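See structure below.
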Amino acid sequence: MTIPTEPIGSIPRPPRLIEAVVTRDSADPTLDPLYEEAIRDTIERFEATGSPVITDGEQRKYHNFWTYSVEGLPNTAPDGFAIPFAAGHVRRMPRLTGSPFRYKRRADSYLDVALRYAHVPVKQAVISPSALSLMYPADEIPGYTREQFLQDLLDEHETEIRKCLEKGAHKVQIDFTEGRLALKLDPSGDLLHSFIDLNNLALARFSAAERQRIGVHTCPGGDRDSTHSADVDYAELLPSLFALKAGNFYVALAGETDRRRVLQIIRKYIKPYQRVFVGVVAPIDPRVETAEEIRDRTLEAAAYIPVEQLGTTDDCGFSPFCDDTSTTRDTAFEKIRARVRGTALASARLGGG
Amino acid sequence: MAKRKDEEEALRSVALQNAQSIFLARQRAEEELIRTKEALEVKTHELTRSLARMRATLEATTDGILVTNSHGQVTDYNAQFVTIWQLPREVLDTREHLPLLTVMSQYCKEPSQFLTRIDDINASSPLDTYDLLECTDSRVVERFSRIQFVEDRNVGRVWSFRDITERRQAEVASLRLAAIVESSDDAIVSKSLDGVVTSWNAAAERLFGYRAEEMIGQPILRLLPEDRQDEERMILGRLKRGECVDHFETVRRTKDGRLLDVSVTISPLRDGRGVIIGASKIAHDITVRKQAEDARARLLVEVQRSNEEFQQFAHIVSHDLSEPLRTITSFLQLLNRRLQGTLDAKAAEYLAFVEEGAQRLRHLGTEIK
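If you want it as structure tokens, here you go:
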């Protein structure tokens, strides 16, 4: 049986693009040729790795994977909550200042461009409603209740996913990196459960067949070779994670210190209709894994997870924030190439592809 | 450090406020789910009843019904279909069209033609088809098929089979009867109960001179001479009572005005429920026979007249001959007494011959009378 392998999403932007975005507004139309060239080159190099499924490298997600859909909204202020990273830096969210809540842009617009260049299936990552729910301030916005906001948020999220599916995304991956963060903020687990509930309210709007094309990605939140919640134990997160009504899960594993323990937890909680893509590449590790290492990590996972429910992926995007230059494009593609080759070696060892 | 702690606290506060709102949203969603589930149960119940009605309808039809999908799988069939084709359970259980076709083809006179036709239908996907299947056991089965559309999408085909063996036999018999009627020397026509002609055979054309298209739809009274128009009322009255009019000899008028002697036999026509809906009339031309009968009658009269004249003549002859015969006989007796003993034997023998002839003549005269 061939074990499927998919990327998470982001690839470091070309230096020319990063420099240009720093000096100009990221939505400046004069940047369009640079974005277009970055996407074209990313897809070309992605396909050259042999990856059966690719992304556009999120070259056009302004700023980051978290706020791309709301960046620049007139009814926001830049002084939202800060997400602290272990390395000491913070990433700040925009704050909603008025009604109504609407996305400024949807990820299907990125898919339009990627599909023009791609020759293999393209997946598309979107941000979770639970992540964006943190945009609503502590004090209620006059005339716009928290409930109204959440309803609008779910509507926008559903529309984004539906459009991606309609346009032919191989998979739509919901980035849910705040899962472990929720446990960090509220060790009781109530906050995590409310995040799960909110995301399930969104997933419930899709049919069972559609949900088989929807996945959820969780990781400790990689940025500049650092994380925001790696110190939170997977044992607390995973039982709730698999309660999400999605067909696929992309779980960071390569960076974990005790992978076997995590795999045991996954085996315990994964449902028969779910597939787990375990992370076999660690983007925050500058060293490129060998194909043999990937093979062994995959075989290790196959010892715990039924092969028909197993896939491989990267632990995280290689550059979730657009100005992250901690990993080079070359390194990212080399790591992806290793993942593709290593997964194929594991498949061959297991008697498939 | 303190600022970060404050921010974390604020973030926690917002997140937990959100959690309360999310909890309420989840409650609403669960309530909605319960309502939807209840509505679904009602719909499921309705659907179950609807399916039961559809199944009953399918089984109530006298046709054999088979439903296949576009992947060549059997999605439904009724008991009559199984009966017509005598399909074994193990073949039906495959739920595949091909094994069924293989069995069905074995009942057909032309198995390969049967299978080729199915291939053609599957390849060209016509909206509907009609075929007549001749079976090896002399049965004739009509096959209709039509594409099944669900929400404007072609999802397969519905095949219906009807055993029309009896109908075909009736049609053949009807055609044979029609040929007999058409080739008969007798005029055979049918008419409705109000006396309108409904069929007209070739012999009727020859006998009465009217073509079928001239008479069908016209009143039969057209054939009746003016002095016999009442006959039709009498005939229709008897027919309505279910009686036959057998070998009724009458006269009818031809297109060119001639009067024909005909013998007609009129019988009521009944529909499938036995209700009289008209009459059939067989007319036989008896003109020649009538002429022969007239000639014979005339001859008989002539013979009788001749006979009477002959008897009268005989009487006269007998009467007129008796007197001279008595004279001859008397004088012969006188002559015989006078010459007694004088005549030789020969002369006496001659005289006896004369006397015997006179006696025979007198006897003949008595017989003529």
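From first to last, the protein sequence lines are chains A and B.
For the first sequence, this note's numbering begins at 1 and goes up steadily by one.
For the second sequence, this note's numbering begins at 1001 and goes up steadily by one.
A virtual CB, placed ideally from N, CA and C, is assigned to each residue, including glycine.
Just so we're clear, the structure is a prediction, and the values are computed from it rather than from any experiment.
- Residues I39 of the same chain have their beta carbon placed closer than 6 Å to that of V113 of chain A, with the five preceding and five following residues left out of the count.
- The continuous beta strand (DSSP E) containing T1250 of chain B extends over residues 1245 to 1253.
- Note that the C-beta distance between A169 of chain A and W66 of chain A is not below 7 Å.
- Here DSSP, grouped into helix, strand and coil, assigns A243 of chain A to coil.
- N1018, A1019, S1021, I1022, F1023, L1024, A1025, R1026, A1029: these are the residues of the segment 1018 to 1041 of chain B whose beta carbon lies less than 7 Å from some beta carbon of chain A, given in chain order.
- For G179 of chain A, the uninterrupted alpha helix (DSSP H) segment begins and ends at 178 to 185.
- With respect to chain B, the C-beta atom of S194 of chain A has a partner C-beta closer than 7 Å.
- Taking 7 Å as the cut-off, the Cβ atoms of P78 of chain A and P94 of chain A count as close.
- In chain order, V1014 make up the part of chain B whose C-beta sits under 8 Å from the C-beta of P137 of chain A.
- With 16 or more other CB atoms across the displayed protein chains lying within 10 angstroms of its CB, C164 of chain A is buried.
- Contact of A202 of chain A with chain B by beta-carbon distance below 8 Å is absent, the smallest such distance being about 11 Å.
- Secondary structure of Q1359 of chain B (DSSP, three-state): helix.
- Contact annotation for A1010 of chain B against chain A: F81, A138 [CB-CB distance below 8 Å, chain order].
- Under a 10 Å Cβ-count criterion, S319 of chain A is classified as buried, with 16 or more other Cβ atoms of the shown protein chains found around its own Cβ.
- Taking a C-beta cut-off of 9 Å against chain A, none of the residues of the segment 1048 to 1059 of chain B qualify.
- Interface with chain B (7 Å Cβ-Cβ cutoff): E147 of chain A is included.
- By alpha-carbon distance to T328 of chain A, the top candidate from A:D152, A:P7, A:P14 is A:P14.
- With fewer than 16 neighbouring CB atoms inside 10 Å of its own CB, S1138 of chain B falls in the exposed class.
- With 16 or more neighbouring CB atoms inside 10 Å of its own CB, E160 of chain A falls in the buried class.
- DSSP lists A:G215, A:R275 as the beta-bridge partner residues of N248 of chain A.
- Legend: CB atoms of the segment 1127 to 1153 of chain B lying less than 7 Å from CB atoms of chain A are not found in any residue.
- Taking the Cβ atoms as the reference, I1216 of chain B lies roughly 17 Å from E1232 of chain B, outside the contact range of under 8 Å.
- Look at E1110 of chain B: its C-beta is not under 7 Å from any C-beta on chain A.
- Any Cβ of chain B closer than 7 Å to the Cβ of D197 of chain A would place that residue at the interface, and such an atom is present.
- In the DSSP annotation of this structure, the continuous segment of the beta strand (DSSP E) that includes L1132 of chain B starts and ends at 1128 to 1134.
- The three-state reading of DSSP puts N64 of chain A in strand, counting E and B together.
- In this structure T313 of chain A is in contact with E6 of chain A, their Cβ atoms being roughly 5 Å apart against a cut-off of 8 Å.
- S1105 of chain B places its beta carbon less than 7 Å from that of L1115 of chain B.
- Straight-line measurement puts the Cα of E47 of chain A at about 10 Å from the Cα of T55 of chain A.
- If you draw a straight line from the Cα of V288 of chain A to the Cα of K335 of chain A, it is about 5 Å long.
- The beta carbons of S1021 of chain B and L150 of chain A sit closer together than 7 Å.
- Taking 7 Å as the cut-off, the beta carbon of G215 of chain A is found closer than this to the beta carbon of K171 of chain A.
- In the three-state reduction of the DSSP assignment, P33 of chain A falls in the helix class, which pools H, G and I.
- Residues are counted here when their Cβ sits less than 8 Å from a Cβ of chain B; for the segment 165 to 186 of chain A these are A182, L185, D186, given in chain order.
- For D190 of chain A, the residues of chain B that pass the 8 Å Cβ criterion are L1016, A1019, in the order they occur in the chain.
- Close to S326 of chain A, with beta-carbon spacing below 7 Å, lies no residue of chain B; the smallest spacing is near 22 Å.
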